[in-house]
Every structure is written in structure tokens, then in C-alpha cells.
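In what follows, a structure is listed as C-alpha cells, so that the remarks can point back to it.
Residue numbers (full-length UniProt numbering): 1 to 461.
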């Protein structure tokens, strides 16, 4: 059989109409049925496109000129949006962003979970989808003898040196990065150079309590010693009274990993504090804490609604982290058991329970798929299991352990719709019917979407 010819050639320029969006937010145009994926293209738009790659079954293009714009196209407010790549959707109206994310979830529920019948609700968005991130980790470089800070350009390790703000960051974080950069430059502290593995300051990390406005600054250096440490601390703390903690982290390795293993408090406290709803959280330099607290509250309230708890219910929170969901659940449940593989996170979770005077929670270090069968052997029978795994989803052994415990309901919180859909399929085979899925926009202006799904155990006579 003759090999089907690819209908486009590399470097060819075409006028095309976009029909759809990929889950990454790229426009999809077709040439004789052959799909071309083009960043920044929107459905309904007519545009001039250059073919940059032509694979056997699909290709990639570059948007050269929009001939007829969509009514959903907006002017990206960030001056480095097309260089940076941290956001992918600023050219798209917020209404379309929310619709695209819902469609992404609906598509995987159809194609991967084979559950067309399950309702996927409209995405829960933000009133103001900007300035939401409470944590920034920004690389440090040098240009003409002065320190520069900025995110890396797309697909490179070149710092964007004309970046003076990030519109999805809390403004406090922006100001703190600028302050550290300016003061470090004045003091003659050198920037780390990746190519030579020389220099001092590698990254600046800032964490801010959205409600409290407490700020933690983490200075990551290649060297054990932070030059001009006292002068730097004095300049920061005298000018910015909301700074509650300054941490020095040492990372001597040739690596892309930001934080090194060794940290010490050089000024103030080990923790800053923030609140989500009625619950207060202590946040350390290495704590996992959701970057968008207002939407975290939306997500957790939905998880709580789906859990449908009574005061006699026992709950297991797998992948509990620093106890964020566990403590929300504990306000309504009889008892909550949290499991997490990271010992430091469990220490934080216990501290957070104490901080809020919550006594009906128990946190343990371990792998959920090993701890849960042991708990079952001890006679623990949860009414509800909540699971919030990393992007790779749940291990099959863990899903089996969950099925074996026979809770009435499972509430699955996910940051990756594809692995959520895969796991819902396995749980369905184990007797748990998915009732509904709610997408939540935790990361506006980006192509990421968070979901929460509720599953009910089918009772067979």
C-alpha cells in the first residue's frame, strides 16, 4: 500500500482557519484532515501560519499573522508573555479559558474513562484571575556587572532580563524579589553562573501569607557563606516590616533542582502563617502549601460537599501533605486519619492540627498502599476516603487497597485530568461509580486544571 503523503512541508506558509484547541491551549487547524497545532491560535480565527515541523500524523506551526481575530482574543497584559512560557493563555478571554479547561476534562472522561454520562460541571473560576500566586522561585543571573532576576525564556536557560513584574504573582513577592536583587547588587554579591558553576546567589524564593501578608525570603546560594549577610538582613528588615523570616539555603550541586538539603534561619522565624477559611497554617521554606489559597478554599469546600460527612463518620485522607484537607474534614467528621510519605510534611500537619486546636486527627508517615491494609487488619473501617495524589495519579496497589477498605464514598482531588480518568476506570471496575466531576481553576492564565470527583460504592444484593 502506498504511503500516505504528508500534505504540508516544513517552512511552508499557509492561510488556515482554527477549528479547536488542544489541552495545552494550542490552536488546531487541519489541512486535508491533517492536524497542525499552533500556539496562540483560537477557534474561528483565520491566520497565516508557518509550518515548523511535519510529522507523519500531525505537525506544528508558528502563528505569523491573525487575518481574522476571534472575539475571545484579548491583548496579553504581560510585556514578556510571548517570551516566558510560564503562562500559556493570556491571549484568551477568561471565559474561554474556563470553557477550554472544562472541555479538557470532558474529553478525558470520554476518551480515557469511557464515561460520557458523568456530568462535568462548568469550571469554577476566580473573580479576579491575576496576582494569585503566594510563592515565587526566581533564577538569578548577571548582566553588565549587575544582578538580574527573571524567569527563563521558553525552552532555554536564558533569563528574561527585562522582566520587572509577574502578573500572576502576589505583588508583595514581586517587590521582595526586586528588593533582594537591588540590595545584593549594591553589596556586590555575585550571581551564580550555571556554565562555570561559580558565583554565589542562585535563586530567590519568596512566600507570602495571602491573608496575613507575612513574608518569608529564602536565599539559595552555591556557597556555605552568604557574603554581607548582616547588611543584607538589615536593609531588608528595616525597610520591609512584613518580612518575618529570612532563610539561607545552600545548594552546591550542579543541578536544576532549586533547593539544597541544608537550610538555616538567619533572621526571624522558621515559619510564616496563613489562613484558608477558618484554619491557620504554619508554612516553612519546604512546606507544600497550595499557591492559590482563595481557589484552594473553593476546591476544599467542594471536596467537603462531596464527602457529605456526618459527625459519626471516619475519614482517611491519603496523600495528606501538611494536613490542609484533613483539617477541613475534621471540622465535620468524627475522626480523620492522614497518610503522607514525606516525614517533614507529617511534622507540619501535626503542628497545624495543634495550632488550630483540632484533636480528632491522626497523622502517620508511610505509603498509603501499605498503611491502609494494616489499618484494615486492625479493624479500621472508613466511611469516606479522600485522595489527592501527585500528577502521576495513584498506584494500582493503592487503588486496590482503597477498594478493599470498602468506604461508602471516595472523593478524588486531581491536578491531572488524564490520570484522574485512568484511575476512575479502575475504581469503576472495583465497584465505585463516578457520580460527577467539578473542574476548579487553580492556575488562571495557564493550561493546568484541578478537578474533584465523587464516587459512590455500588451495593450489590
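Note that beta-carbon positions come from the ideal geometry of N, C-alpha and C, so glycine has one too.
Note that this is a predicted model, so its numbers are computed, not measured.
Could you give the residue range of the alpha helix (DSSP H) that holds residue 294?
Here residue 294 refers to the residue found at position 294 of the chain shown. Start and end: 293–307.
Within its chain, find whatever has a CB closer than 6 Å to the CB of residue 31; leave out the 5 residues flanking it on each side and keep chain order.
Counted from its first residue, the chain shown places residue 31 at position 31. Its chain contains 7 and 8 as the residues whose beta carbon lies nearer than 6 Å to that of residue 31, once the 5 sequence neighbours on both sides are disregarded; these appear in chain order.
For a quick check, are the C-beta atoms of residue 373 and residue 349 less than 8 Å apart?
What you label residue 373 is simply residue 373 of the chain shown in a count that begins at 1. What you label residue 349 is simply residue 349 of the chain shown in a count that begins at 1. No.
DSSP three-state label for residue 166, please.
Numbered from 1 along the chain shown, position 166 holds the residue referred to as residue 166. Coil.
Can you tell me whether residue 230 is buried or exposed? The criterion is at least 16 other CB atoms within 10 Å of its CB, across all chains shown.
By one-based count along the chain shown, residue 230 stands at place 230. Residue 230 sits exposed, since fewer than 16 C-beta atoms from the chains shown fall within 10 Å of its C-beta.
Would you call the CB atoms of residue 315 and residue 327 closer than 8 Å?
What you label residue 315 is simply residue 315 of the chain shown in a count that begins at 1. What you label residue 327 is simply residue 327 of the chain shown in a count that begins at 1. No, these two residues do not count as a Cβ contact at 8 Å.
Alpha carbon to alpha carbon, how far is residue 382 from residue 364? Give it in angstroms, no decimals.
Residue numbering aside, residue 364 sits at position 364 when the chain shown is read from its first letter. Residue numbering aside, residue 382 sits at position 382 when the chain shown is read from its first letter. If you take the alpha carbons of residue 364 and residue 382, they lie about 16 Å apart.
Comparing alpha-carbon positions, which option in 131, 341, 100 and 83 lies nearest residue 465?
Absent from the structure is residue 465, since the part of the chain shown begins at 1 and ends at 461.
Looking at the structure shown, is residue 172 part of a helix, part of a strand, or coil, going by DSSP?
Position 172 of the chain shown, counting from 1, holds the residue named residue 172. Shown here, residue 172 sits in a helix according to DSSP, grouped into three states.
CA-to-CA distance, residue 422 to residue 398, given in whole angstroms
By 1-based counting over the chain shown, the position of residue 398 is 398. By 1-based counting over the chain shown, the position of residue 422 is 422. In a straight line, the C-alpha of residue 398 is about 14 Å away from that of residue 422.
Thinking residue 214 and residue 244 are a contact (beta carbons under 8 Å), I'd like their distance in whole angstroms, please.
Within the chain shown, the letter at position 214 stands for residue 214. Within the chain shown, the letter at position 244 stands for residue 244. Confirmed, Cβ separation roughly 5 Å.
For residue 161, which option in 256, 449 and 153 has the closest C-alpha, if you only look at C-alpha atoms?
On the chain shown, residue 161 is found 161 positions in, with the first residue counted as 1. Out of 256, 449 and 153, 153 has the C-alpha closest to the C-alpha of residue 161.
Check residue 47 in the structure and name its three-state DSSP category.
Residue numbering aside, residue 47 sits at position 47 when the chain shown is read from its first letter. Here residue 47 sits in strand by DSSP.
So which of 51, 91 and 166 has the shortest CA-CA distance to residue 45?
Numbered from 1 along the chain shown, position 45 holds the residue referred to as residue 45. Residue 91 is the option with its Cα nearest to residue 45.
Quick one: what does DSSP say residue 185 is sitting in, helix, strand or coil?
Stepping through the chain shown from its first residue, residue 185 is reached at position 185. Under the three-state reduction of DSSP output, residue 185 falls in the helix class.
Determine the DSSP secondary structure at residue 161, reduced to helix, strand or coil.
Within the chain shown, numbered from 1, the residue matching residue 161 stands at position 161. Correct three-state label for residue 161: coil.
Candidates 253, 210 and 178: which alpha carbon is nearest residue 193's?
Residue mapping note: residue 193 aligns to position 193 of the chain shown, counting from 1. Comparing C-alpha distances from residue 193 to each of 253, 210 and 178 shows the shortest one belongs to 253.
Between 237, 236, 206 and 251, which has its C-alpha nearest residue 225's C-alpha?
Taking the chain shown and counting its residues from 1, the one referred to as residue 225 is at position 225. The shortest Cα separation from residue 225 among 237, 236, 206 and 251 belongs to 251.
With contact counted as at least three CB pairs below 8 Å, one residue from each stretch, are the segment 108–126 and the segment 178–189 in contact?
With a cut-off of 8 Å on Cβ pairs, the segment 108–126 is not in contact with the segment 178–189, counting fewer than three such pairs.
Spatial neighbours of residue 13 within its chain, please: CB distance less than 6 Å, with the 5 preceding and 5 following residues excluded, ordered by chain position.
The residue you call residue 13 lines up with position 13 of the chain shown. Its chain contains 50 as the residues whose beta carbon lies nearer than 6 Å to that of residue 13, once the 5 sequence neighbours on both sides are disregarded; these appear in chain order.
Here's the rule: buried if 16 or more other CB atoms are within 10 angstroms of the residue's CB, otherwise exposed. What is residue 141?
Here residue 141 refers to the residue found at position 141 of the chain shown. Buried.
Burial state of residue 208 (16 or more Cβ within 10 Å):
Residue numbering aside, residue 208 sits at position 208 when the chain shown is read from its first letter. Flag for residue 208 reads buried.
Rounded to whole angstroms, what's the CA-CA distance from residue 19 to residue 420? Just pull it up for me.
Locating residue 19 in the chain shown gives position 19, where the first residue counts as 1. Locating residue 420 in the chain shown gives position 420, where the first residue counts as 1. Approximately 27 Å, taken between the alpha carbons.
So, do the segment 402–411 and the segment 90–107 have three or more beta carbon pairs nearer to each other than 8 Å?
With a cut-off of 8 Å on Cβ pairs, the segment 402–411 is not in contact with the segment 90–107, counting fewer than three such pairs.
Grab me the residues of residue 228's own chain with a C-beta within less than 7 Å of its C-beta, minus the 5 sequence neighbours each way, in chain order.
In the chain shown, the residue the question calls residue 228 occupies position 228. Closer than 7 Å at Cβ, skipping near neighbours: 187 and 189.
Looking only at DSSP bridge pairs, what is residue 133 linked to?
Here the question's residue 133 lines up with position 133 in the chain shown. Note: residue 133 sits in a beta bridge opposite 169.
Would residue 428 pass as a contact of residue 295 if the rule is Cβ separation under 8 Å?
Locating residue 428 in the chain shown gives position 428, where the first residue counts as 1. Locating residue 295 in the chain shown gives position 295, where the first residue counts as 1. Against a cut-off of 8 Å, the Cβ pair of residue 295 and residue 428 comes out as no contact.
Using beta-carbon positions only, say whether residue 445 and residue 89 come within less than 8 Å of one another.
One-based indexing of the chain shown puts residue 445 at position 445. One-based indexing of the chain shown puts residue 89 at position 89. Yes, the pair counts as a contact, with Cβ atoms nearer than the cut-off.
Given a threshold of 16 other Cβ atoms within 10 Å of its Cβ, counted over all protein chains shown, does residue 136 qualify as buried or as exposed?
Residue numbering aside, residue 136 sits at position 136 when the chain shown is read from its first letter. With 16 or more other Cβ atoms within 10 Å, it is buried.
Cα-Cα, which of 292, 259 and 299 is closest to residue 285?
The sequence position of residue 285 within the chain shown is 285, counting from 1. Considering only alpha carbons, the answer is 259.
Burial state of residue 102, where buried means 16 or more other Cβ atoms lie within 10 Å
Numbered from 1 along the chain shown, position 102 holds the residue referred to as residue 102. Buried, since its Cβ has 16 or more Cβ neighbours within 10 Å.
Kindly indicate which three-state DSSP category residue 425 falls into: helix, strand or coil?
Translated into the one-based positions of the chain shown, residue 425 becomes position 425. Helix.
Consult DSSP for residue 274 and reduce its assignment to one of helix, strand or coil.
Counted from its first residue, the chain shown places residue 274 at position 274. Strand, per DSSP.
Taking the alpha carbon of residue 107 as the reference point, which residue from 418, 454, 425 and 413 has its own alpha carbon closest?
Indexing the chain shown from 1 puts residue 107 at position 107. Answer by Cα proximity: 418.
Kindly indicate which three-state DSSP category residue 461 falls into: helix, strand or coil?
Locating residue 461 in the chain shown gives position 461, counting from the first residue. Any reading at residue 461 needs caution, since the residue's pLDDT is 41, under 50, leaving its predicted position unreliable; the model's value is listed next. Note: residue 461 maps to coil in three-state DSSP.
Let me check understanding here. Comparing Cα to Cα, which of 323, 170, 72 and 61 lies closest to residue 341?
Here residue 341 refers to the residue found at position 341 when the chain shown is read from its first residue. Residue 341 has its Cα closest to that of 323, out of 323, 170, 72 and 61.
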